[in-house]
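*Asks:* Protein chains in written order, with this note's numbering: chain E, 1 to 193; chain L, 194 to 386; chain P, 387 to 579; chain X, 580 to 772. Every residue, glycine too, gets a C-beta built ideally from N, C-alpha and C.
Printed below as a string of structure tokens:
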């Protein structure tokens with residue numbers, strides 16, 4: 001499902017219709033679409049990293065219960081909806097400021113929900129030792145929860161940032177994705193394999 | 194395939210074109226699309242729950258015969274078509290009453306077909322003990338058939354409800370999905386693992 | 387990949403825009419789209435049956451060589467392109483006769499290519515006994531080749547039929563799909579498991 | 580994910596709207612779209628071959644580390660974006676020369692990135708013997724690196740070719756895909772199974 005959401009993002013990259021060029025060169029028309037490429041790249045990175053992390057989290061699981069299935073469905077909801085705010089941001093990043101802010105805040109709010117869903121899934125897995133191959137030691141768990149809390153605050157802060165600078169908001173999500181890639185896998189590796 | 198149908202739903206969420214805002218704020222234009230978000234959420238929930246139930250039903254199966262393959266293909270047909278009535282409902286939920294009724298009844302009828310297909314697949318599996326790891330005890334089977342019958346009547350009733358209130362029809366399907374999630378897995382668990 | 391092609395078909399079912407109803411009821415506008423539903427159903431059936439048959443053929447395979455990979459890629463090409471002639475037929479089935487014939491012939495030609503690709507894949511598998519778990523006995527092979535030949539002639543005949551009656555062409559493909567479902571699996575079952 | 584990208588290509592094949600035929604026959608309107616079919620075929624072939632090669636490379640891997648995950652994500656990015664330059668080329672191949680060159684150069688540049696990403700993934704796998712079932716002998720490795728270098732130069736040359744003849748650029752990529760199919764699998768087979 002991550003594979004599908006990440007691949008559907010490409011449908012948000014529009015090919016300008018020849019009739020819409022109005023004598024302009026295709027080169028310029030394509031260059032003009034830079035917000036679409038940027039939004040595509042950041043969303044691709046975000047979904048890609050969460051895909052890797054989800055995969056490494058599922059590798060820890062021995063079996064799933066109803067609670068984890070629901071948490072997983074909630075995560076899938078937030079991930080599969082990402083092409084919508086991505087398209088929104090691509091369309092309105094260079095529009096008048098108030099609309100750019102709306103689009104950027106919607107984007108940031110979607111990412112906050114996704115971060116929240118990922119944290120819930122992690123908690124659903126780790127709160128019941130029977131669901132895991134190897135129980136996560138209390139220390140690693142406490143530190144993970146603390147990191148999820150800080151991550152949540154960062155995500156929430158990007159909603160505010162969206163009203164100051166939509167571009168800075170997008171850059172912040174690229175950085176958060178890269179940070180999470182290097183950080184999140186650590187406790188899983190330590191505890192699991 | 195469930196993964197694909199559930200992810201394709203996001204293509205039904207339209208980004209309003211800047212030229213179509215006519216001075217209105219993007220905020221209002223997005224808020225105006227609430228039927229699309231609602232239809233998206235309910236369809237996501239419905240496909241998500243049937244996905245989980247289908248998965249837990251397939252876990253009971255030891256092998257498949259021609260009959261189950263056909264029943265499964267029929268279920269896939271009803272699930273993969275869901276993005277169409279979802280888009281229909283999103284577009285016409287707030288249109289004039291007669292068109293909203295048509296869209297809502299189409300949505301409810303699709304869900305009735307899907308419920309029927311799921312029941313047929315369940316019967317195709319359980320009527321032949323050789324297809325299962327552990328045979329389903331006659332009691333559990335009778336109670337499942339009774340529950341499917343009641344479920345079918347509920348689905349059929351939502352077609353009528355569509356003509357009274359499309360919104361109530363949509364709410365009914367959200368509730369039915371949640372109900373089936375908690376109910377349907379029970380006999381599978383009891384009989385299987 | 388079959389799963390994706392079969393699910394993408396739903397994108398060919400258009401929701402009429404409210405502005406295009408011109409006072410007509412949604413009911414009538416939907417009824418007016420019957421060629422789209424019909425083309426959707428037949429293409430779904432065709433892809434579904436080939437999916438089942440491909441699955442049962444792959445179950446016979448112990449390993450693949452370059453030739454089978456290429457034959458498989460050719461089959462995937464013909465299957466993944468099916469949404470295009472389906473959309474074409476849905477749009478032109480009720481257009482002026484010459485365009486309906488073109489659309490129907492394109493549809494029939496795509497199916498002929500798909501049948502050809504399936505036959506090639508079957509031959510690529512069965513010509514080298516080392517690729518199979520159990521070698522297919524010469525009798526079964528000869529009879530399969532004969533059946534593929536007859537099937538190919540039938541598919542080719544539907545291209546002619548497309549110029550007489552596009553609807554009859556569509557019905558013929560529905561019948562051929564159902565026939566292949568019951569027939570094709572037989573030798574695989576006899577030879578394999 | 581390759582399966583999804585390869586299947587999404589079909590969405591780039593447009594069915595001409597009846598109102599856009601302006602009395603022309605559907606036959607001619609379809610024939611007029613030959614650049615779209617050609618771009619579809621070449622992109623299908625390119626993704627198909629890289630899919631087979633990626634599969635045979637992954638079969639050599641015993642496990643993955645962070646570096647290979649990132650290299651893999653980069654490859655997925657370049658593959659999943661292919662429908663965009665394909666659509667671009669289909670739309671502008673027969674437009675005025677300067678725009679056709681831009682579209683063709685974008686297509687060639689995407690393929691260059693994909694070739695680069697594939698080489699990086701290969702190096703990420705082979706530089707650490709612990710990631711492989713059987714270490715690749717130094718000779719085979721050196722020869723593979725040399726071949727990747729030559730391949731990269733060929734891909735880069737097609738960007739130049741795009742400004743001379745977009746059609747020749749497309750033909751070059753079809754030939755490169757077929758060449759890579761026969762060549763690339765060889766060292767993997769020799770070293771692996």
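Return helix, strand or coil for residue 459 of chain P, following the three-state DSSP convention.
*Replies:* Along the third chain, read from residue 1 onward, the residue named residue 459 of chain P stands at position 73. Helix.
*Asks:* Along chain X, in chain order, which residues have C-beta atoms closer than 8 Å to that of residue 25 of chain E?
*Replies:* Counting from one through the first chain, the residue named residue 25 of chain E turns up at place 25. What residue 25 of chain E touches in chain X: 677, 678 and 681.
*Asks:* When you compare the CB of residue 421 of chain P with every CB in chain X, is at least one pair closer than 9 Å?
*Replies:* Locating residue 421 of chain P in the third chain gives position 35, counting from the first residue. No - not a single Cβ of chain X is within 9 Å of the one on residue 421 of chain P.
*Asks:* Which bits of chain P does residue 623 of chain X rub up against, with CB to CB less than 8 Å?
*Replies:* Translated into the one-based positions of the fourth chain, residue 623 of chain X becomes position 44. Simply 463 and 466.
*Asks:* Give me the Cα-Cα distance between residue 473 of chain P and residue 346 of chain L, rounded to the nearest whole angstrom.
*Replies:* Start at 1 with the first residue of the third chain, and residue 473 of chain P comes out as number 87. Start at 1 with the first residue of the second chain, and residue 346 of chain L comes out as number 153. Rounded to the nearest angstrom, the two C-alpha atoms are 35 Å apart.
*Asks:* Return the CA-CA distance between residue 89 of chain E and residue 13 of chain E, expressed in angstroms with no decimal places.
*Replies:* Here residue 89 of chain E refers to the residue found at position 89 of the first chain. Here residue 13 of chain E refers to the residue found at position 13 of the first chain. So the two alpha carbons sit approximately 12 Å from each other.
*Asks:* Taking beta-carbon pairs under 7 Å, can you tell me which members of the region 240-260 of chain L lie near chain E?
*Replies:* Per Cβ criterion, the list reads 241 and 245.
*Asks:* Can you confirm whether residue 18 of chain E, when its beta carbon is compared against all beta carbons of chain X, has any partner nearer than 9 Å?
*Replies:* As a working mapping, residue 18 of chain E is identified with position 18 in the first chain. Chain X, which has a Cβ nearer than 9 Å to the Cβ of residue 18 of chain E, makes this yes.
*Asks:* I think residue 683 of chain X touches residue 748 of chain X, with their Cβ atoms under 8 Å apart; what is that distance to the nearest whole Å?
*Replies:* One-based indexing of the fourth chain puts residue 683 of chain X at position 104. One-based indexing of the fourth chain puts residue 748 of chain X at position 169. With 8 Å as the limit, residue 683 of chain X and residue 748 of chain X qualify as a contact, their Cβ atoms being about 5 Å apart.
*Asks:* Below 8 Å on the Cβ atoms is my contact criterion, and I expect residue 273 of chain L with residue 393 of chain P to pass it. Report the Cβ-Cβ distance as a whole number of Å.
*Replies:* The residue given as residue 273 of chain L occupies position 80 in the second chain. The residue given as residue 393 of chain P occupies position 7 in the third chain. The Cβ separation is near 5 Å, so the contact holds.
*Asks:* Just reading off the alpha helix (DSSP H) that residue 390 of chain P is part of, what are its end residues?
*Replies:* Residue numbering aside, residue 390 of chain P sits at position 4 when the third chain is read from its first letter. Looking at the DSSP string, the run of the alpha helix (DSSP H) that includes residue 390 of chain P is 388-394.
*Asks:* Kindly indicate which three-state DSSP category residue 238 of chain L falls into: helix, strand or coil?
*Replies:* Locating residue 238 of chain L in the second chain gives position 45, counting from the first residue. Helix, per DSSP.
*Asks:* Just how far apart, CA to CA, sit residue 44 of chain E and residue 271 of chain L?
*Replies:* Within the first chain, numbered from 1, the residue matching residue 44 of chain E stands at position 44. Within the second chain, numbered from 1, the residue matching residue 271 of chain L stands at position 78. Using only the alpha carbons, I get a separation of about 31 Å.
*Asks:* Kindly identify the DSSP beta-bridge partner or partners of residue 498 of chain P.
*Replies:* The residue labelled residue 498 of chain P in the question sits at position 112 within the third chain. Answer is none; residue 498 of chain P lacks a bridge partner.
*Asks:* I want to verify the contact list: residues of chain E whose CB lies under 8 Å from the CB of residue 196 of chain L, in sequence order.
*Replies:* Taking the first residue of the second chain as 1, we reach residue 196 of chain L at position 3. Near residue 196 of chain L (Cβ distances below 8 Å), the residues of chain E are 1 and 4.
*Asks:* What in chain L is Cβ-close to residue 399 of chain P, meaning under 7 Å?
*Replies:* For the purposes of this step, residue 399 of chain P is identified with residue 13 of the third chain, where counting begins at 1. Those are 277, listed as they occur along chain L.
*Asks:* Can you pull the chain P neighbours of residue 737 of chain X, defined as C-beta to C-beta under 8 Å?
*Replies:* Taking the fourth chain and counting its residues from 1, one reaches residue 737 of chain X at position 158. Result: empty, since nearest Cβ-Cβ is about 22 Å, beyond 8 Å.
*Asks:* Residue 709 of chain X touches chain E at which residues, Cβ-Cβ below 9 Å?
*Replies:* For the purposes of this step, residue 709 of chain X is taken as residue 130 along the fourth chain, with counting starting at 1. The premise fails here: residue 709 of chain X is roughly 14 Å from chain E at the closest Cβ pair, so nothing lies under 9 Å.
*Asks:* When DSSP builds the beta bridges, which residues end up paired with residue 447 of chain P?
*Replies:* As a first step, residue 447 of chain P must be located in the third chain, where it is residue number 61. Looking at the DSSP assignment, residue 447 of chain P forms a beta bridge with P:518.
*Asks:* Secondary structure at residue 338 of chain L, three-state DSSP: helix, strand or coil?
*Replies:* Sequence index remark: in the second chain, residue 338 of chain L carries index 145 (1-based). Helix.
*Asks:* Report the rounded CA-to-CA distance for residue 459 of chain P versus residue 625 of chain X, giving the unit in angstroms.
*Replies:* As a working note, residue 459 of chain P is residue 73 in the third chain. As a working note, residue 625 of chain X is residue 46 in the fourth chain. Cα to Cα, residue 459 of chain P sits roughly 11 Å from residue 625 of chain X.
*Asks:* Apart from the five residues just before and just after residue 381 of chain L, which ones in its own chain have a Cβ nearer than 7 Å to its Cβ?
*Replies:* For this step, residue 381 of chain L is matched to residue 188 along the second chain. Its pLDDT being 45, under 50, residue 381 of chain L is placed unreliably by the model, and the measurement read from it follows with that caveat. Cβ neighbours of residue 381 of chain L beyond the five flanking positions: 249, 250 and 253.
*Asks:* Would you say residue 357 of chain L faces chain P, with C-beta separation under 9 Å as the test?
*Replies:* Start at 1 with the first residue of the second chain, and residue 357 of chain L comes out as number 164. So no, residue 357 of chain L is outside the interface.
*Asks:* Which value, in whole angstroms, describes the spacing of the CA atoms of residue 149 of chain E and residue 85 of chain E?
*Replies:* For this step, residue 149 of chain E is matched to residue 149 along the first chain. For this step, residue 85 of chain E is matched to residue 85 along the first chain. Roughly 24 Å separates the two Cα atoms.
*Asks:* If I measure Cβ to Cβ from residue 720 of chain X and keep anything under 6 Å in the same chain, skipping five residues before and after, which residues do I get?
*Replies:* Sequence index remark: in the fourth chain, residue 720 of chain X carries index 141 (1-based). Excluding positions up to five away in sequence, the list reads 705.
*Asks:* Pull up the distance between the alpha-carbon of residue 269 of chain L and that of residue 581 of chain X, whole angstroms please.
*Replies:* The sequence position of residue 269 of chain L within the second chain is 76, counting from 1. The sequence position of residue 581 of chain X within the fourth chain is 2, counting from 1. Computed Cα separation, rounded: 22 Å.
*Asks:* How far does the alpha helix (DSSP H) with residue 225 of chain L in it extend, from its first residue to its last?
*Replies:* For the purposes of this step, residue 225 of chain L is identified with residue 32 of the second chain, where counting begins at 1. Run containing residue 225 of chain L: none; DSSP gives neither H nor E here.
*Asks:* Where residue 437 of chain P and residue 165 of chain E are concerned, what is the direct C-alpha to C-alpha distance, given to the nearest angstrom?
*Replies:* In the third chain, residue 437 of chain P corresponds to position 51, counting from 1. In the first chain, residue 165 of chain E corresponds to position 165, counting from 1. In a straight line, the C-alpha of residue 437 of chain P is about 49 Å away from that of residue 165 of chain E.
*Asks:* Would you mind reading off the limits of the alpha helix (DSSP H) that contains residue 513 of chain P?
*Replies:* Here residue 513 of chain P corresponds to residue number 127 of the third chain, with the count starting at 1. Note, residue 513 of chain P: premise wrong, no alpha helix (DSSP H); not H, not E.
*Asks:* Can you give the Cα-Cα distance for residue 583 of chain X and residue 331 of chain L, rounded to whole angstroms?
*Replies:* Reading the fourth chain from its first residue, position 4 is the one you call residue 583 of chain X. Reading the second chain from its first residue, position 138 is the one you call residue 331 of chain L. Approximately 43 Å between the Cα atoms of the pair.
*Asks:* Quick one: which residues of the region 497-515 of chain P get their C-beta closer than 8 Å to a C-beta of chain L? List them in chain order.
*Replies:* Here the close residues number zero.
*Asks:* On a Cα-Cα basis, can you pick out the residue from X:726, X:759, X:724 and X:740 that is closest to residue 687 of chain X?
*Replies:* To locate residue 687 of chain X, count along the fourth chain from 1; it is residue 108. Nearest of X:726, X:759, X:724 and X:740 to residue 687 of chain X, Cα basis: X:740.
*Asks:* List, in order along the chain, the chain B residues whose C-beta lies closer than 8 Å to that of residue 200 of chain L?
*Replies:* Although the question refers to chain B, the structure presented lacks it and instead comprises the protein chains E, L, P and X.
*Asks:* Between residue 255 of chain L and residue 439 of chain P, what straight-line distance do the alpha-carbon atoms span, to the nearest angstrom?
*Replies:* Mapped onto the second chain, residue 255 of chain L falls at position 62. Mapped onto the third chain, residue 439 of chain P falls at position 53. Cα to Cα, the separation comes out at about 19 Å.
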